[in-house]
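Q:
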């Protein structure tokens, strides 16, 4: 189980390897939200998302023979890149199982990071069967995307960092809004803050139509999404919260927040204009909630995770177009 | 005159107010450049450019009565925003003199930061005459954009930071490529490195057609640009190097590098894709030189300043379009 000792140990292994990402802010964003907004820019992490932390934490906890045999992951996105880059640093072979219809650029990037990409047909083949056979025949260790104690401990290092950074700015309480898929980042941050900065409350944020965590927190048991595709927030779409993450989320987090895709795009445009960072839609849900749902919180300060920035030029251009009206409205006089 | 004592004093005044911006990297950029490339992301500084540092340094060096009377600056861009935001923090009135045809969003942003914007007609009015009269009648202190010892000292803090950050990554020598307009940032970094990390060589980078500094370094005397408008790199276009900055540049820096506008746009697209930061064209010239002019240096490591990120959605979309072919080519296997 992940606890503060496991988190501290993971943070020590990550030190000097993961970036301590900056906590950004803009008076223009504060004016829109009506309160202080601090943005933990994990899009600036290696491979462009927080996933590098969990992957590094998991690989650095493996014994040398397991590293030598190699690792395997199922992912078409940020987890794949995190595992590939960490494996490369440890000299471990990495096999990434991806659907054959994944975007070319993701396949190429993962290969360029040194991983072997095994493609499967989503319509006719069973990913888990392919992965299990590969793992057994080649002695590969599976690195799960979120439901693994060492992965959760790695993501938790985001919570340790943001608590220290906020304290240096004089902020010791408030709400921490976290972009939430399977709950690895959200549960990790919640455990870190429970131990080190318990005056913060962690709230998961999800896109409309894929709010399994918000519903699970309300009902008190794991609820599933009706669909697992069809969202621009693809990076944080999972069938349901994890067996390890949900009990942590249930004990420490909530209530969940749910945002529209249009608000994600507007948040991406404001992050472009006011913070000069690149966010992907799934990495912008927490900022969208902070900016456009002021009635959902009474905290003086909101800390939001900007969890990833791997976005195509096409989707980014769509965000800029969506945001242009909103960004001109936001240039009103500041009151702070 | 700016020396290391003035720089250390400015850095101390900036501490806790300017952001220590991250030094970013990507194996994909290293592969393109054929060497290690480290990017000092000053686009993440307050107001989106390094100019905040110089403005804060200058204002924090003023006596209280001068602050109370207020400050004035001539700028339509990053210097205006830096002065406006610093003045707001010090409670100092700020007057910014801008051409009436400056983009609305820049005028609105400067006003939103609390400054009084005075517009003038470039065709019929003399900016300096307007500014001088305002300064005299209202007792305002002029904050020059680069040719001021305290402004240079403030920009020099970028050099102190990047030397420390590079050393923590084991890098203690190489070339530092700096986006260069009037030379405030370039000369400041050069002075800081001369004192603290003299194994680094500083090289100014300018856009084609506006290479006054490169030509001045070659001839040994101040040379002018034929034009001072008509570049997408507007943030770093000045008539000529400054009277204070040029002797420093001449003693410590060079040779200058010159890049095309198309390479700036390609560099912006790669910074978007690989570093997830937003650069403006003038803030991307150093990265463009590092990536696309490998024959111009024999250093193992290039540190580039990414000096600003205030760019319109239209120009950014143009950069993404320019870069799409280049970015797919860059996803080749990495050798490091």
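Protein chains in written order, with my numbering: chain A, 1 to 336; chain B, 1001 to 1336.
For every residue, glycine included, the Cβ atom is placed at its ideal position computed from N, Cα and C.
Relative to the C-alpha of residue 1102(B), which candidate in 1118(B), 1088(B), 1114(B) has its C-alpha closest?
A: 1118(B)
Q: Between residue 1044(B) and the rest of its own chain, which residues show a CB-CB distance below 6 angstroms, the 5 nearest in sequence each way excluded?
A: 1021
Q: So, at 8 angstroms on beta carbons, what are the nonlocal neighbours of residue 1216(B) in its own chain, with the 5 sequence-adjacent residues on each side left out?
A: 1222, 1223, 1240, 1241, 1246, 1249, 1250
Q: Do you know offhand how far residue 296(A)'s Cα is from residue 290(A)'s?
A: 9 angstroms
Q: Just to check my reading of the structure: residue 278(A) and residue 264(A) have Cβ atoms closer than 8 angstroms, yes? What is that Cβ distance to the nearest angstrom?
A: 14 angstroms between Cβ atoms; not a contact.
Q: First and last residue of the beta strand (DSSP E) that includes residue 1224(B)?
A: Element bounds for residue 1224(B): n/a, residue is neither H nor E.
Q: Answer with yes or no whether the minimum CB distance from residue 200(A) to chain B is below 8 angstroms.
A: Output row for residue 200(A): interface = no.
Q: What is the residue span of the alpha helix (DSSP H) that residue 1204(B) lies within?
A: If you look at residue 1204(B), you'll find it isn't in any alpha helix (DSSP H); it sits in the beta strand (DSSP E) that goes 1200 to 1207.
Q: Ordered along the chain, which non-local residues of its own chain (more than five positions away) have a Cβ less than 7 angstroms from that of residue 1262(B)?
A: 1322
Q: To the nearest angstrom, report how far apart residue 233(A) and residue 257(A) are at their CA atoms.
A: 15 angstroms
Q: With residue 1077(B) and residue 1093(B) assumed to form a contact (beta carbons below 8 angstroms), what rounded beta-carbon distance in angstroms separates them?
A: No, residue 1077(B) and residue 1093(B) are not in contact; Cβ-Cβ is about 20 angstroms, not under 8 angstroms.
Q: Measure from the alpha carbon of residue 306(A) to the alpha carbon of each residue in 315(A), 253(A), 236(A), then state which is nearest.
A: 236(A)
Q: Quick one, are the C-beta atoms of residue 1269(B) and residue 1319(B) less than 8 angstroms apart?
A: Yes, they are a contact pair.
Q: Count Cβ pairs between the region 1171 to 1189 of chain B and the region 1136 to 1154 of chain B that sit closer than 8 angstroms; are there 3 or more?
A: yes
Q: Where does residue 1277(B) sit, in a helix, a strand or coil, going by DSSP?
A: strand
Q: Would you mind stating whether residue 1017(B) and residue 1051(B) have Cβ atoms separated by less than 8 angstroms?
A: no
Q: To the nearest angstrom, how far is the alpha carbon of residue 276(A) from that of residue 315(A)?
A: Distance between the alpha carbons of residue 276(A) and residue 315(A) is about 17 angstroms.
Q: Residue 107(A) to residue 1129(B), Cα distance in whole Å?
A: 60 angstroms
Q: Considering only DSSP beta bridges, list what residue 49(A) is partnered with.
A: 308(A)
Q: Tell me, please, whether the CB atom of residue 1130(B) is closer than 8 angstroms to any CB atom in chain A?
A: no
Q: Just mark residue 288(A) as buried or exposed, buried being the case when its beta carbon has 16 or more other beta carbons within 10 Å.
A: buried
Q: Run the CB neighbour count on residue 1422(B), radius 10 Å, all protein chains shown included, and call it buried at 16 or more, exposed below.
A: In this structure chain B extends from 1001 to 1336, so residue 1422(B) is not present and cannot be described.
Q: Using C-beta distances below 6 angstroms, list every residue in its chain close to residue 1218(B), excluding the 5 sequence neighbours before and after it, in chain order.
A: Here residue 1218(B) has no same chain residue with a Cβ atom under 6 angstroms from its own Cβ, once five neighbours each way along the sequence are excluded.
Q: Using a cut-off of 7 angstroms between C-beta atoms, extract the partners of residue 43(A) located in chain B.
A: 1276
Q: When DSSP labels each residue in this structure, what does residue 1002(B) get in the three-state scheme?
A: Correct three-state label for residue 1002(B): coil.
Q: Let me make sure I understand the geometry here. Which of 1293(B), 1280(B), 1294(B) has the alpha-carbon closest to that of residue 1308(B)?
A: Ranking 1293(B), 1280(B), 1294(B) by Cα distance to residue 1308(B) puts 1280(B) first.
Q: Would you report the Cα separation of residue 49(A) and residue 14(A), rounded to the nearest angstrom?
A: 15 angstroms
Q: Mark residue 1085(B) as exposed unless 16 or more other C-beta atoms lie within 10 angstroms of its C-beta, in which case mark it buried.
A: buried
Q: Of all the options 302(A), 301(A), 42(A), 274(A), which has the alpha carbon lying nearest to the alpha carbon of residue 324(A)?
A: 274(A)
Q: To the nearest angstrom, how far is the alpha carbon of residue 1065(B) from that of residue 1075(B)?
A: 24 angstroms
Q: Flag this pair as yes or no: are the beta carbons of residue 1046(B) and residue 1019(B) separated by less than 8 angstroms?
A: yes
Q: Just verifying my parser: in three-state terms, what is the DSSP assignment at residue 1239(B)?
A: coil
Q: To the nearest angstrom, how far is it from the Cα of residue 1159(B) to the Cα of residue 1193(B)?
A: 6 angstroms
Q: Compute the Euclidean distance between the alpha carbons of residue 1272(B) and residue 1133(B), then round it to the nearest angstrom.
A: 44 angstroms
Q: Within 8 angstroms of any Cβ in chain B, is that where the Cβ of residue 313(A) sits?
A: yes
Q: Taking the alpha carbon of residue 126(A) as the point to measure from, which residue in 100(A), 181(A), 114(A) has its own alpha carbon closest?
A: 100(A)
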